[in-house]
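Under the numbering used here, the first residue of the sequence shown is numbered 5, with each subsequent residue one higher. In what follows, a single structure is set out as structure tokens and then discussed.
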Amino acid sequence: MQKLKNNLPAILVLITMLPFLLLLRNIDWSLWSTDRGLFWDSFVFVVANLMGLLGGMFLYWQYILGVRFLARLFGENLIHTNKLHKALGKYGVIFVFGHVFLVRMKFLQEYIWIVTPDFSSTFETYVSLGRIAYFTFWAVWISSALLRGRIKYRPWRYIHYLTFPLLLFVFLHSRAIGSNILTNDALALIWNIMYYLFIFIFVFRVLRAVGLGAEEYKLVARDEVGDNINIYTFKPTKAGMKPKIGQYAYMKTDLISASHPFTVMDYDPETEEVKFGIKSEGKFTEKLLDYEIGDTIRLAGPYGAFTKEGQNEKPKVLIAGGIGITPFIRLIREYGQDTILINCNRTLEDAIYRNDLVDILGDNYYDVLSKEETTGRNIINSRCNAEVIEQVVGKDNLENYNYFLCASPGFLDSLKKDLKELGIPAQQIYLEEFSI
5 MQKLKNNLPA ILVLITMLPF LLLLRNIDWS LWSTDRGLFW DSFVFVVANL
55 MGLLGGMFLY WQYILGVRFL ARLFGENLIH TNKLHKALGK YGVIFVFGHV
105 FLVRMKFLQE YIWIVTPDFS STFETYVSLG RIAYFTFWAV WISSALLRGR
155 IKYRPWRYIH YLTFPLLLFV FLHSRAIGSN ILTNDALALI WNIMYYLFIF
205 IFVFRVLRAV GLGAEEYKLV ARDEVGDNIN IYTFKPTKAG MKPKIGQYAY
255 MKTDLISASH PFTVMDYDPE TEEVKFGIKS EGKFTEKLLD YEIGDTIRLA
305 GPYGAFTKEG QNEKPKVLIA GGIGITPFIR LIREYGQDTI LINCNRTLED
355 AIYRNDLVDI LGDNYYDVLS KEETTGRNII NSRCNAEVIE QVVGKDNLEN
405 YNYFLCASPG FLDSLKKDLK ELGIPAQQIY LEEFSI
């Protein structure tokens, strides 16, 4: 049942794309035996239209799945919808490029025609809207598929905002001059419904961006607990969210600021106070340092389902990299039996909530310190690697545990390789990465 739910978005994408294959009926197949030139002319034109519409469908679903309150309809865990979102953008380029290439071929135009705007008539204006959409698509695609790890979050996000005018231009372009779709009432109806739904969602997203649907919280406490690490406690000004173990929320400092995800480290159901362990790295987290008691933020959520498979009495190993300990705090408090924690930090001072976790886990708590030479019970002076994991868990016990990892992307990749080297099956490894 869960597998079906995870695959439901992909199934819906496929179902909504299938009707557009009806456009292939517009090809005059009888010309194959009478006039090959006219046949290929018909074939190229119809396929060009089909690729344009399928490319638009890919972009449309990518837009839908990028809207958190809609993606949430498919389940709390957004991992599968996020993967599909990325795949649609990655492979949609084939249809978008194919559409433009075949249209150029159909009308026997030079390549310069693709980049030459023309607003001399209504028809040419709508063609040029398609040109604008085409190059806007490439700007968004390159920033996401090729440069995401090389550019900072804020400029990437601003480039990603171009998705809104991009889709608008796609709809205006196709609804005005999409001759194939205009001749099919059913497909035209589907396309028009998608268009008006896009407008509705866009307006709703604008309202969400200025705070609609996000609860206001005020800062009631802030404690510095390590090198650039602070514990922020927020209390809702009205009714607040009710996060489960391992879930996260999106935080905004004001109505127009970008939102950033942070794991809810602790939650008090009586006061509805939520706590976040946040390391100051970047403009957003540095801005939080200027917050005083009583200042307000906005939180949207909760989202995610990390550690859901560990919310039981089964043996588990938790490996946290620095502030990656935050999803494990509540998990350990409620399901700490037969749980091993490998807490990886640069220094002992960076290990937040250390005393509480030691009290709960006892000999199953381990510090792995990479930048400090110190001694003590279960303190290992090393980087966390396969050798350390084997030493802590025991060679003969490795496959008896499920493994939950939360760390930075680079450290996470290293841990996955280590566990694979130790022979841990992929189905026993659960992970979540964090970044600023």
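Even for Gly, the Cβ is constructed at its ideal location relative to N, Cα and C.
Sequence-distant Cβ neighbours of N10 in its own chain, meaning closer than 6 Å and more than five residues away, are H84. R226 is positioned such that its CB atom lies no closer than 8 Å to that of D270.
Within the same chain, and ignoring the five residues on either side of H264 in sequence, the residues whose Cβ sits closer than 6 Å to its Cβ are M255, F288. V100 is a Cβ neighbour of G59, given a cutoff of 8 Å.
Residue range 320-325 is occupied by the beta strand (DSSP E) that includes G325. Going by C-alpha positions, I433 is about 49 Å away from D189.
Unbroken alpha helix (DSSP H) stretches of 4 residues or longer found wholly inside the region 209-297: 287-292, given in chain order. Only exposed fits K421, as fewer than 16 other CB atoms lie within 10 angstroms of its CB.
Runs of the alpha helix (DSSP H) spanning 4 or more residues and lying entirely within the region 49-81 occur at 72-75, in chain order. Taking a contact as a CB-CB distance under 8 Å, the pair I197 and F173 does not count as one, their CB atoms being some 19 Å apart. Under DSSP, no beta-bridge partner is assigned to F24. Classified as buried, I282 has 16 or more neighbouring CB atoms from the shown chains inside 10 Å of its CB. Boundaries of the alpha helix (DSSP H) harbouring V97: 83-110, taken from the DSSP string.
Shown here for I194: same chain residues with a beta carbon closer than 7 Å to its own, the five before and five after excluded, namely P23 in chain order. By the neighbour-count criterion, in which a residue is buried when 16 or more other Cβ atoms sit within 10 angstroms of its Cβ, S386 is exposed. The Cβ atoms of L28 and L54 sit closer than 8 Å to each other. For T311, the secondary structure class from DSSP, reduced to helix, strand or coil, is coil.
When rounded, the separation of the alpha-carbon atoms in S284 and G230 is 11 Å.
Cβ-Cβ distances below 8 Å link G427 to L402, E403 in the same chain, with the five nearest sequence neighbours on each side left out; the list follows chain order.
When the Cα atoms are used, L409 and K312 turn out to be separated by approximately 13 Å. Residue environment analysis places Y115 among the exposed positions, since fewer than 16 neighbouring C-beta atoms fall within 10 angstroms of its C-beta. The C-alpha of L361 is placed about 29 Å away from the C-alpha of E296. With contacts defined as CB atoms closer than 8 Å, G250 and G308 qualify as a contacting pair. Per DSSP, I383 is one residue of the beta strand (DSSP E) stretching across 383-385.
Looking from the CA of N359, the closest CA among Y369, R350, T351 belongs to Y369. When DSSP assignments are scanned along the region 122-210, the uninterrupted stretches of alpha helix (DSSP H) that are 4 or more residues long and fall wholly within it turn out to be 126-145, 157-164, 167-181, 183-186.
Apart from the 5 residues on each side of it in sequence, V97 sits with its Cβ closer than 7 Å to the Cβ of W145 in its chain, given in chain order.
A straight line joining the alpha-carbon of D272 with that of G153 spans about 36 Å. Under the DSSP assignment, Y369 falls in the beta strand (DSSP E) whose first and last residues are 369-373.
K222 and D299 do touch by the CB rule: their CB atoms are close to 7 Å apart, below 8 Å. Selection T351, D354, E317, I327 evaluated against I344 yields E317 as nearest (Cα-Cα). The beta carbon of W160 sits closer than 7 Å to the beta carbons of S147, R152 from its chain, once the five residues preceding and following it are set aside; these are given in chain order. If the five residues before and after A75 are omitted, its C-beta is found closer than 6 Å to the C-beta atoms of L69, L82, T85, all from its own chain and listed in chain order. Across the structure, F206 and Y64 are spaced so that their CA atoms are roughly 12 Å apart.
The C-alpha of K424 lies about 42 Å from the C-alpha of L170.
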